[in-house]
Every structure is written in structure tokens, then in C-alpha cells.
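Asker: Read left to right, the sequence shown gives residues 1 to 526 (full-length UniProt numbering). Ideal Cβ placement from N, Cα and C applies to all residues, glycine included. Just so we're clear, the structure is a prediction, and the values are computed from it rather than from any experiment. First the structure, which I've put down as C-alpha cells, then a few questions once you've had a look.
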Amino acid sequence: MSDRILSLKERIGQMIVVRASGYLFDQQIRYPVWEPVNATLKHWLETLHLGGVILLGGSAAEIAFRSQQLQSWSGDNPLLIAADIEEGVGQRFSGATWFPPPMALGKIAEKSLTKATEYAREMGAITAKEALAIGINWILAPIVDVNNNPDNPVINIRSFAETPEIVANLAQAFILGADSYPVLTTAKHFPGHGDTSNDSHLDLPIINHDHHRLEALELPPFQAAIESGVDSIMSGHLLIPAWDAEFPATLSSKILGEKLRQNLGFQGLIVTDALIMGGVTKIASAAAIAVRAVQAGADILLMPPDPIEAIEAVYSAVQAGTISEARINDSWQRIQRAKEKLGQRQPSLESLSSLAAPQALEIVRDILKDSQTVSANLPIKATQGRNLIIVDDLLNCDFLDRSCPAVTMPRQWGYQTQIIDRSTFNQSLVSPETTLLQVFIRGNPFRGSAGLGEETKAIYQALLKTGQIQALIIYGSPYVFQWFRQQSAEIPYLFSYGQQPSAQKIALETIFEWPTSGENRTDTFL
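This is the structure:
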């Protein structure tokens, strides 16, 4: 790290983290509105003294090269390289370990908090180790929101649990596990996004609870994270009238400055949630939002639409006296301390060999098995029929392809696979033929809903009434699973929090009676 004195604009630049594609080439960019082409990104990193980047897309091996490329463009300014890897590095970057959603651990905690806590610690350590192996040094996890609203479309199973006690315990374990390695961790989304029924990626949620309820339910996991030494806390785009009736948390000095800094005593980095989200973009201009977030107490502005505009806006506010230079220096110094913790480590071919190690994959399997819900009338004997697979978004479905277990394992028994996107799910699928029904559904950002619409429920009810559903597997949402269970208790069922191929394999091994030897064995599946 250079010891030269930075200009005011360069210090402000350190407060900016931009979105970047994890893919190496411009033609691979998937979100061109948010991800600049390489020439633009290189120019920003060379001239703006940016604090870092947040990556999405690409394989783990590709990210190892991409992170080095980005750092070379940034010169002697070490970058924070962040990623939303709440379910392990493999959630975003193929080839690494992909854990089940955090709520799987919450389910295990209902029976054994000790076991769940150990899983969370291992999950944190493995995530940190694999992140460093590919050049990521800032883990935007764990989520410490308490998902106490079943209709929450965006947090949902990304949360550890529905109670603050379990969330606090598992979040602490994840943080302590990750802290075995020189990475940054992040508790999000302050002061708590769990009790909302709309998605802050699309609109501004309003949480109309009083001070006592917020203190008792929303804040304890953040307090636990702070006690565990979490490095950063991400604000939520949430309007909380009991604390600030005018500004959402990301733009509120009453919430970030008073509640988080003063009352909870947090001294680490405060980072905004992405500033391209509808929860703030509909409030004011991008320039005004950047200024207000800094005034509120944010150290890092995550994904402003235009970093040059954001820097100029904050610089002009300092020149005008609406933000003090001391305020900028406070954030800059916190950022420097965070970067000093990280040091400068570069990924290598040798480090890539640590990805998806057998021990890590075994832990994933154990978590999936221990968190499954299985009916008493399993296993069943397979018969030829229809393998009906329903997914939320077929074009954005990284856990499903023609070689995944959900497709290939039933095929061994003669099932004919039919994969349907929820947008084309209609009454024509109600057929009196023997059907294995596999439903992949969970809350996700930008989806807008965490459950089933009334029209979709009617179609499922008609399917169930045919009496031809041989077995039902729900992957993802326990709330959707509960609805199915209310419709029919007789159908053999299995619920898995995970959707990845390893979850599919375990589910189908549990559903069917598989031979112990011979050509129908499943050893070849992931």
C-alpha cells in the first residue's frame, strides 16, 4: 500500500465499491446496466482510486484470474474484492463449495444448537478459505436478519432462523469461523430486513414496529455479530418510522449514526446496500443519495450507478460545507484499517486445489441430510411415469441442467422429464399419469414473491387431486412446503432447503429404493 498522501477526491474514491462482471470478456457481461465494460472499469480503477469491486458471474478459477487482473489495474491501491457468498463461494462461482441456505442450519438448531453452531463455524471457515483462494477478501455475509415474516420475498431462507436467539448464535459461529482467515465479514441488513413483505430491490419496505419490538427482535443478532468482531455491517433500504419517519436506514443518521455507531458501539465499516436498488433510487437522484448516505454515516457506497458522479457529488458537498472533511477522513481511516487486516495475498494454481475439498463436500452433505424433512412412507418403488420439474425461472437456473440428478436419476427408472417455468405453468399439466413432482421455489432478490399465487395454488391442487402424484419433493422454501403438506398428507414427500445438485441427489436417494449394486447405482452423481 502506498504511503503517499491522498487527495480529497482519492479519499472519497476509497469509499466507492463498484459492480464488476466476474467474466473476463466484455461479450460475457450479463448485466450491462450495472457492469461496465473492461475499458471503463480499467479507467476507473486507474484514475479514481476506488475502494474496491463487487463481483458476480464466472467460475471460481476465472475469478482467481479476474481478481488479479483488477488489482493490476488498481496499481498500488489494494482493492476490497467483495461477493455475496452467503451460501459459500460455490453459490456464485462454479467449482467451489456450495452450502445449503442458512435456514437449513436453523432447522438443525431446533434439535441440536450445538451441532448447528459447529456447522455454521465450519461454513464460515470454508467460505473464507475458498474466498481467499480465488482472490475475494470481503465476504458479504452472514445475513443476521430474523425472518419472522413467512411472506418475506427477499430474505426468507437466506436467514438462519425465525428467532433472534438462533440467528445470533449461528451468525456468531459463522463470523468466528471466517475469522480464522484474513478476510472481512459483513452482518446485514441493519437494522433488520426480516419482517418485510416486499423486496427492497424493487421498492422501499416499511417496518411499522415500535421501539421496544425492534430492540427485542431485530437488534440482538447485530449486537451478537458486533461482539464477535464482525468487520462490517450493511445497511438495509428500510423505512422505520419509530426511529426515522423521513429517511430509510441507509440514508438515516438517526439509524446509522446514533443507533449503530453510538448505541451499539460499532467501530467497523458501515456499507450501504446496493445503491442501484429500488428501495433508494425512487427517493432522490443518485448524486443526492450518495451525499445523504455519507452524511448518515456510511463508510462505503456500494454500487452507485456512476462512481464519477458519486465522487463529484460528495466532493462538492465537502466544498460546500454540508459534509466535513473530518467525516471523510473517519471513513478513509476505517477503510485503511480494514485493508491492513487483509494484507496482500494473490491466488495461485496451488490455492485453487483447496476448492471443494472432500471434507467440505462431506459437511455440505451432512447439513443437507440433517435438515431434510421426510415422510414416514418413504422410500417408494419407482415406476415409469412423468418426472415433472417446476422452477421459478428456467433461464436463470444455475442448479438445473440436463446432467443434474433431478433429471438423470429418475431417468434410470424410465421417467420422462418435463421441465416447466412457473410463467408457463398452467392447467394443461394436470394429467392422470403417474408423476414424480419436483418443485424448486425459494425467495430471491428481484423475484417479488416468496410463495405461490392463487392461480398457481389452484393448478397444484388440481394436480394433487388426480391421485397420480407418486411422490413430492420441494426444494427451497419451507413455507411453500407447509402449504403442500396442508393440501395432502398422504402423498410421500421430502423437503430440502438446498436446490443444488448435491441436494437433488440426496433427496432422490431418499425417495426411491435404490439397489446396492448393479447398473442402477448412483455413484456417478455429484
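Could you check what DSSP says for His-209 in three-state terms: helix, strand or coil?
Answerer: Here His-209 carries a coil assignment [DSSP, helix/strand/coil].
Asker: Determine the direct distance from the alpha carbon of Ala-376 to that of Val-280, and round the result to whole angstroms.
Answerer: 48 Å
Asker: Would you mind working out which of Phe-399, Ile-390, Phe-440 sits nearest His-419, comparing C-alpha positions?
Answerer: The sequence shown places Ile at residue 419, rather than the His named in the question. The residue with the shortest Cα to Cα distance from Ile-419 is Ile-390.
Asker: Can you list, in chain order, the stretches of the beta strand (DSSP E) that have 3 or more residues and sit fully within the region 207–273?
Answerer: 232–235, 269–271
Asker: Go ahead and pull the three-state DSSP assignment for Phe-399.
Answerer: coil
Asker: Apart from the five residues just before and just after Arg-521, which ones in its own chain have a Cβ nearer than 8 Å to its Cβ?
Answerer: Its pLDDT being 46, under 50, Arg-521 is placed unreliably in this model, and the coordinates cannot settle the point.
Asker: Using 10 angstroms around the beta-carbon of His-212, count the other beta-carbons present and answer buried if the total reaches 16, otherwise exposed.
Answerer: Exposed, since its Cβ has fewer than 16 Cβ neighbours within 10 Å.
Asker: So what does DSSP say about Val-33, is it helix, strand or coil?
Answerer: coil
Asker: Work out the CA separation of Ile-311 and Gly-321 for me, nearest whole Å.
Answerer: 15 Å
Asker: Here's the rule: buried if 16 or more other CB atoms are within 10 angstroms of the residue's CB, otherwise exposed. What is Tyr-31?
Answerer: exposed
Asker: Assess contact between the region 148–156 and the region 185–203, defined as three or more Cβ pairs (one per stretch) separated by less than 8 Å. Is contact present?
Answerer: yes
Asker: Between Leu-264 and Gln-295, is the Cβ-Cβ spacing less than 8 Å?
Answerer: no
Asker: Determine the closest residue to Val-146 out of Phe-190, Glu-110, Gly-177, with distance taken between C-alpha atoms.
Answerer: Of the candidates Phe-190, Glu-110, Gly-177, the one whose C-alpha sits nearest the C-alpha of Val-146 is Phe-190.
Asker: Would you list the one or two residues that DSSP bridges to Lys-457?
Answerer: Its beta-bridge partners do not exist; DSSP assigns none.
Asker: Return the first residue and the last residue of the alpha helix (DSSP H) that Arg-365 is part of.
Answerer: 358–371
Asker: Following the continuous alpha helix (DSSP H) through Ala-116, name the residue where it begins and the one where it ends.
Answerer: 113–133
Asker: Expressed to the nearest angstrom, what Euclidean distance is found between the alpha-carbon atoms of Leu-217 and Gln-262?
Answerer: 19 Å
Asker: Please classify Tyr-415: does DSSP put it in a helix, a strand, or coil?
Answerer: coil
Asker: Would you decide whether Asp-76 is buried or exposed? Buried here means 16 or more other CB atoms lie within 10 Å of its CB.
Answerer: exposed
Asker: Just the C-alpha distance for Pro-347 and Val-89, rounded to the nearest angstrom, thanks.
Answerer: Straight-line spacing of the CA atoms in Pro-347 and Val-89 works out to 14 Å.
Asker: Rounded to whole angstroms, what's the CA-CA distance from Ile-134 to Ala-61? Just pull it up for me.
Answerer: 7 Å
Asker: Expressed to the nearest angstrom, what Euclidean distance is found between the alpha-carbon atoms of Val-271 and Gly-257?
Answerer: Rounded to the nearest angstrom, the two C-alpha atoms are 13 Å apart.
Asker: Decide if Lys-341 is buried, meaning its Cβ has at least 16 other Cβ atoms within 10 Å, or exposed.
Answerer: exposed
Asker: Can you tell me whether DSSP reads Lys-188 as helix, strand or coil?
Answerer: Three-state DSSP puts Lys-188 in a strand.
Asker: Tell whether a beta-carbon distance below 8 Å holds between Arg-121 and Ile-143.
Answerer: no
Asker: Should Arg-11 and Trp-483 be called a contact, given that it needs their Cβ atoms to be closer than 8 Å?
Answerer: no
Asker: So is Ser-7 buried or exposed if we call it buried at 16+ other beta carbons inside 10 Å?
Answerer: Label assigned to Ser-7: exposed.
Asker: Assign Arg-327 to one of three DSSP states: helix, strand, or coil.
Answerer: helix
Asker: What span of residues does the alpha helix (DSSP H) with Ile-175 cover, start to end?
Answerer: 164–178
Asker: With a cut-off of 8 Å, do at least 3 Cβ pairs link the region 108–127 to the region 353–368?
Answerer: yes
Asker: Using 10 angstroms around the beta-carbon of Lys-259, count the other beta-carbons present and answer buried if the total reaches 16, otherwise exposed.
Answerer: When all chains shown are included, Lys-259 counts as buried.
Asker: Comparing C-alpha positions only, which one of Asp-299, Arg-411, Asp-179, Ala-293 sits nearest to Val-230?
Answerer: Asp-179
Asker: If we ignore side chains and look at the alpha-carbon of each, how far apart do Thr-524 and Glu-509 end up?
Answerer: Because Thr-524 carries a pLDDT of 40, less than 50, the predicted location of this residue cannot be relied on, and the following value inherits that uncertainty. Each residue's alpha carbon lies about 13 Å from the other.
Asker: Which residues in the same chain as Phe-512 place their Cβ atom closer than 6 Å to its Cβ, once the five residues preceding and following it in sequence are excluded?
Answerer: Pro-379, Ala-382
Asker: Where does Arg-345 sit, in a helix, a strand or coil, going by DSSP?
Answerer: coil
Asker: Taking CB distances under 8 Å as the criterion, tell me whether Ile-240 reaches chain D.
Answerer: You won't find chain D in this structure, because it holds only one protein chain.
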